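Peer 1: Quick one: the structure is below, and I'll ask about it shortly.
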Amino acid sequence: MTYSSSLASNRSRYRVRNQNTIKYQTQTKVLGPVSNTIILLVLGCLLMLLYLSQVTKTNAFGYQINNLQKEQSSLQAEHDDLEVSSARLQSMNRAQTSTVAKGMVSVAPSATVRN
């Protein structure tokens with residue numbers, strides 16, 4: 027047996043069928059402290075942008091709601107005024123067309139009182 031054949035026979039003892047004879051070690055990538063700090067700052071900025079966008083949307087909806095409430099109150103006041111004037115006009119018509127009003131006689135003023 028030669029030297030090379032003895033080495034080959036030693037290697038073949040440890041070799042299992044369909045498996046690699048060389049093991050590759052994977053290196054884990056680790057970020058440094060500066061990279062971690064930068065990533066945290068970027069994530070913090072993204073969270074702040076998200077928060078600010080939500081706040082501005084809420085404020086915009088608040089302004090719309092406030093404007094609609096003002097419009098509703100003004101329309102409600104106008105509605106109340108129209109109801110009062112409608113009731114006044116209906117009462118005048120009823121008073122003029124009632125039998126009691128038709129039985130009344132108009133009186134002309136005869137004299138005025140002076141002090």
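Numbered according to this note's numbering, the sequence shown spans residues 27 to 141.
Think of the CB as a built atom: it goes at the ideal place given N, C-alpha and C, for glycine as much as any other residue.
Note that the structure is a prediction, hence the values are computed from the model and not measured.
(1) By how many angstroms is the C-alpha of Leu57 removed from the C-alpha of Leu85?
(2) Using 8 Å as the threshold, is the C-beta distance between Ala134 and Ala127 below it?
(3) Please report the distance separating the alpha-carbon of Leu94 from that of Leu108.
(4) Helix, strand or coil for Thr125 per DSSP?
(5) Taking 6 Å as the limit between beta carbons, can you name the residues of its chain near Met74, skipping five residues before and five after?
Peer 2: Put simply:
(1) One point to set straight first is that residue 85 is Asn, not Leu, in the sequence displayed. Near 40 Å, if we compare the C-alpha coordinates of Leu57 and Asn85.
(2) no
(3) 21 Å
(4) It is helical.
(5) Cβ within range, chain order: n/a, list empty.
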